[in-house]
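Encoded as structure tokens, the structure appears first; notes follow it.
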Amino acid sequence: MKNITFLILVLFFHQSSFSQSPFREEINDLRSDYRILFYNVENLFDTKDDSLKNDAEFLPQGKKYWTWKKYQDKCSKIAKVIIAAGGWQLPDIVGLCEIENKKVLNGIIYSTPLKKSKYQIIHKESPDHRGIDVALLFQPESFFPIDTAFLRLIYKGATHSTTREILYVKGTTHTDDTLHLFVNHWPSRWGGQLESEHKRIAAARLLRDKMDSIFVENSKAKIIIMGDFNDYPNNKSITKTLKANKPNLEFKNDELYNLASYLSSKNTIASHKYQGTWGMLDQFIVSGALMNGLGILNAQPKDMHLFAPSFLLETDKSYKGIRPFRTYIGYKYHGGFSDHLPIYLDLWRILEDD
């Protein structure tokens with residue numbers, strides 16, 4: 002009975018979110034064989050003080066008056082997004098960023114309708130000065146981790162890291178495909194884009210070095226890089242340092258292709274809006290081997306999607322059009338979901354002819 006109830010919730014969120022979406026070109030009722038979701042959830046903190054983190058704003062007595070009720074509501078909202086974005090079944094893998102600790106991940110899974118989802122967690126406390134981390138949720142029936150690493154980023158001239166790490170997970174799927182997954186949340190543009198650019202270039206260099214080591218071992222490795230890069234698909238850190246470019250008609254197995262550059266050229270909105278301008282900060286970058294028909298699960302450039310149902314959007318009163326329905330506007334509680342929209346990548350089975 003509980004499993005039936007959970008299925009009804011999945012179907013309800015799927016139908017309601019799709020039927021109300023103002024962005025129907027990105028809504029597809031045809032569920033893929035494998036779905037990977039990424040979501041910057043915008044400052045999901047618990048309500049307890051952690052002396053090792055700068056979480057003072059997100060306490061009941063803090064500037065944002067972050068209460069238990071608000072925290073529970075946010076966990077429920079994130080769960081709603083995960084359920085709705087899955088289509089007729091939950092996403093197989095969920096990458097998250099801007100989460101404080103494992104406790105809030107447990108809050109998303111076990112104190113919401115996701116409690117019957119069986120999601121398992123990969124997470125580690127990062128050295129980020131704000132106390133926000135990246136994490137991966139996965140369905141144990143469709144993904145089997147083999148190796149996990151947290152790539153620590155240290156800027157040139159620094160003696161230690163003060164930002165979140167890049168999460169690397171190698172695993173196999175239920176179709177026996179091996180995937181190399183990376184969850185990113187690169188340093189912000191705080192202080193100015195150019196002034197902070199060296200930090201994102203350092204993150205790109207760290208990630209590129211890992212790519213090179215993987216390709217040396219296996220030039221046909223299926224790599225999926227996801228995250229909030231705080232840079233756009235045409236910025237130097239992405240195109241020059243990471244060497245991820247817009248997909249073309251042919252794909253080389255050991256080169257990287259930015260599916261967000263294909264998506265952003267087709268859409269009128271993107272994953273984030275800043276001062277009235279939409280931008281694709283959240284991206285999926287994949288190796289050519291994922292698009293060359295190798296193995297069972299494969300993708301094409303059109304298989305990255307922006308998830309933008311109406312409940313994640315609101316009227317933009319400061320600028321024209323719409324914007325993400327976020328949790329806070331400054332220090333004022335707004336009661337929404339996040340300042341980012343989720344993205345997802347669909348993988349499809351390619352079966353050999355008899």
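The opening position of the sequence shown corresponds to residue 2 in my numbering, with each subsequent residue numbered one higher. Yeah, the Cβ is synthetic: ideal placement off N, Cα and C, and Gly gets one too.
The beta carbon of K125 lies closer than 6 Å to those of F151 in the same chain, with the five residues before and after it left out.
Residue range Q194 to E218 is occupied by the alpha helix (DSSP H) that includes E198.
Annotation: the stretch 321–354 contains the following complete segments of the beta strand (DSSP E) (minimum length 3 residues), in chain order: 323–325 and 344–350. Annotation for K244: R209 and L257 place their beta carbon closer than 7 Å to its own, counting only its chain and skipping 5 residues before and after.
Straight-line measurement puts the Cα of K221 at about 50 Å from the Cα of G63. W279 is bridged by DSSP to K274.
Straight through space, the alpha carbons of Y320 and W67 are spaced by roughly 28 Å. Residue environment: Y72 is assigned as buried (16 or more neighbouring CB atoms within 10 Å of its CB, all protein chains considered). The Cβ atoms of I226 and D232 lie no closer than 8 Å to each other.
Remark: C-beta atoms of H341 and N41 approach each other more closely than 8 Å.
The DSSP-derived three-state label of S288 is strand.
Within the stretch 93–142, the alpha helix (DSSP H) runs of at least 4 residues that lie entirely inside it are, in chain order, 103–111. DSSP, read as helix, strand or coil, puts A86 in helix. Secondary-structure assignment with DSSP links E315 through a beta bridge to R324. In this model, Q140 and G132 are separated by some 26 Å (Cα to Cα). Per DSSP, L182 is one residue of the beta strand (DSSP E) stretching across T179 to H186.
Leaving aside the five residues that flank P302 on each side, the residues in its chain whose CB is nearer than 6 Å to its CB run, in chain order, P248, L260 and Y263.
In this chain, the beta strand (DSSP E) harbouring Y169 covers I167 to T174. Beta bridge pairing from DSSP links H161 with no other residue. The closest CA to that of A80, considering only L97, H306 and N299, is found on L97.
The alpha-carbon of D47 is positioned some 24 Å away from that of A85.
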